[in-house]
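Those letters in the sequence shown? Residues 584 to 839, per the working numbering, in order.
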Amino acid sequence: MTELLPVAVLGARGRMGAEAVRSIGAAADLDLVAALGRSDPLDTLVSAGAAVVVDLTVPDATADNVRFAVEHGMHAVVGTTGWTVERLADLRSLLGSTPSTGVLIAPNFALGSVLATAFAATAARYFESVEIIELHHPDKVDAPSGTAARTAQLIAAERSAAGVPDAPDATRDQLDGARGARVDGVPVHSVRLRGLTAHQEVLLGGPGEQLTIRHDSFDRASFMPGVLLGIRSVSHHPGLTVGLDGYLDLQAGPRP
Ligand SMILES: NC(=O)C1=CN([C@@H]2O[C@H](COP(=O)(O)OP(=O)(O)OC[C@H]3O[C@@H](n4cnc5c(N)ncnc54)[C@H](O)[C@@H]3O)[C@@H](O)[C@H]2O)C=CC1
Ligand SMILES: O=C(O)C1=N[C@H](C(=O)O)C[C@H](O)C1
584 MTELLPVAVL GARGRMGAEA VRSIGAAADL DLVAALGRSD PLDTLVSAGA AVVVDLTVPD
644 ATADNVRFAV EHGMHAVVGT TGWTVERLAD LRSLLGSTPS TGVLIAPNFA LGSVLATAFA
704 ATAARYFESV EIIELHHPDK VDAPSGTAAR TAQLIAAERS AAGVPDAPDA TRDQLDGARG
764 ARVDGVPVHS VRLRGLTAHQ EVLLGGPGEQ LTIRHDSFDR ASFMPGVLLG IRSVSHHPGL
824 TVGLDGYLDL QAGPRP
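Next comes the structure, spelled out in structure tokens:
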């Protein structure tokens with residue numbers, strides 16, 4: 584009989600955590616050994632024998648949770664936002680001392696979102712202007728979304744590598760925030776609206792034309808295949824991977 588993979592969820596009573604607990608519980612190859620909330624001690628991960636820890640908590644807690652997991656020889660699959668450049672650097676250096684441990688930081692687990700971000704980064708080489716609008720439920724604590732920040736970073740890197748000049752913007756007179764926040768120079772606008780789940784549009788403009796790349800998660804079920812893929816794959820990807828695209832082959836196959 585094949586051994587089940589022991590998995591623990593942090594943030595298990597949150598919106599995403601509860602969905603992940605259900606999906607892991609329904610997976611025949613996974614064994615949910617712990618489902619922890621905010622006041623449960625992290626030592627439970629060790630006594631439960633978790634091999635993979637899934638972090639779906641809050642930006643203030645996630646870095647310490649992942650540090651604990653790595654220091655105790657567990658792989659981590661992280662959906663929580665709040666991973667600044669400094670936090671990622673600290674994690675990379677920690678992982679340097681445990682080379683067989685894998686950590687996946689996935690700003691978005693939905694396949695469509697991962698693809699939309701990749702398409703937008705490619706398209707951004709060819710358009711003069713690019714702006715991001717992300718739209719979420721009003722219970723979200725962070726803005727801009729992790730997905731929008733990641734998309735902006737990838738867009739900026741592609742534009743810089745391709746030598747695309749900064750998008751022109753003649754605005755001189757504005758109310759604070761009217762032009763959004765800048766992430767690596769890319770304007771990001773955050774909408775919070777009851778009824779929404781998680782949505783993003785990348786607007787690309789050139790002379791006489793516009794391309795809009797939009798992704799919608801209508802339900803948190805959209806994130807679950809990516810969470811399960813992360814759990815099953817993380818031990819095969821030692822070190823730090825940022826973005827689920829690191830576990831996917833997004834290149835087009837051979838043409839017929
Ligand atoms: N990567 C992805 O595809 C997705 C990522 N997210 C991100 O996941 C995170 C959680 O989102 P939601 O579930 O909507 O939030 P939520 O607020 O519903 O859930 C967070 C849960 O974490 C718990 N918590 C806080 N500190 C904790 C700690 N130290 N240990 C254990 N549990 C702790 C809270 O009590 C709460 O139950 C956010 O950062 C969100 O942006 C959300 C959806 C998809
Ligand atoms: O808080 C959410 O809901 C989401 N958070 C992630 C983010 O900030 O990008 C992923 C998705 O957008 C849902």
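The beta-carbon is built from N, C-alpha and C at its ideal position, and this holds for glycine as well.
Just so it is clear, the structure is predicted and the values come from calculations on it, not from any experiment.
Asked	Found
Same chain, Cβ closer than 6 Å to S712, five either side skipped, listed in chain order	A750, G788
Distance cut-off 7 Å: V840 Cβ against heavy atoms of ligand 1	As shown, the chain starts at 584 and ends at 839. That puts residue 840 outside it, with no answer to give.
Proximity of V637 and V686 at Cβ, strictly below 8 Å	no
Simplified DSSP assignment, three categories, for V817	helix
Local Cβ density within 10 Å of L776, reported as buried at 16 or more and exposed below that	exposed
Assigned secondary structure, D614 (DSSP; H/G/I helix, E/B strand, else coil)	strand
V774 - containing beta strand (DSSP E), residue span	769-775
G729: CB within 7 Å of a non-hydrogen atom of ligand 2	yes
Beta-bridge partners of R733, as assigned by DSSP	The partner list for R733 (beta bridge, DSSP) is empty, contrary to what the question assumes.
Assigned secondary structure, P589 (DSSP; H/G/I helix, E/B strand, else coil)	strand
Rounded distance between the beta-carbons of V641 and G813, thought under 8 Å	Not quite, the Cβ-Cβ distance comes to about 19 Å (not below 8 Å), so this is no contact.
Rounded straight-line distance, which links the Cα of T664 to that of A646	10 Å
The stretch 732-742 / the stretch 768-784 touching (three or more Cβ pairs under 8 Å)	yes
Helix, strand or coil at T645 according to DSSP, with G and I counted as helix	helix
Three-state class that DSSP yields for V697 in the structure shown	helix
Assigned secondary structure, V747 (DSSP; H/G/I helix, E/B strand, else coil)	coil
CB contact flag (D828, V697, <8 Å)	yes
7 Å CB neighbourhood of V649 in its chain, flanking five on each side removed	D638, A659, V661, L674, V686
Pair within 8 Å by beta-carbon distance, G600 and G608	no
Ligand 1 heavy atom lying under 7 Å from the CB of R775	no
Coil, strand or helix - R765 by DSSP	strand
Nearest-angstrom Cβ-Cβ length linking L779 and L718, presumed shorter than 8 Å	5 Å
Contact belief for P690 with R733 at Cβ below 8 Å, rounded distance in angstroms	4 Å
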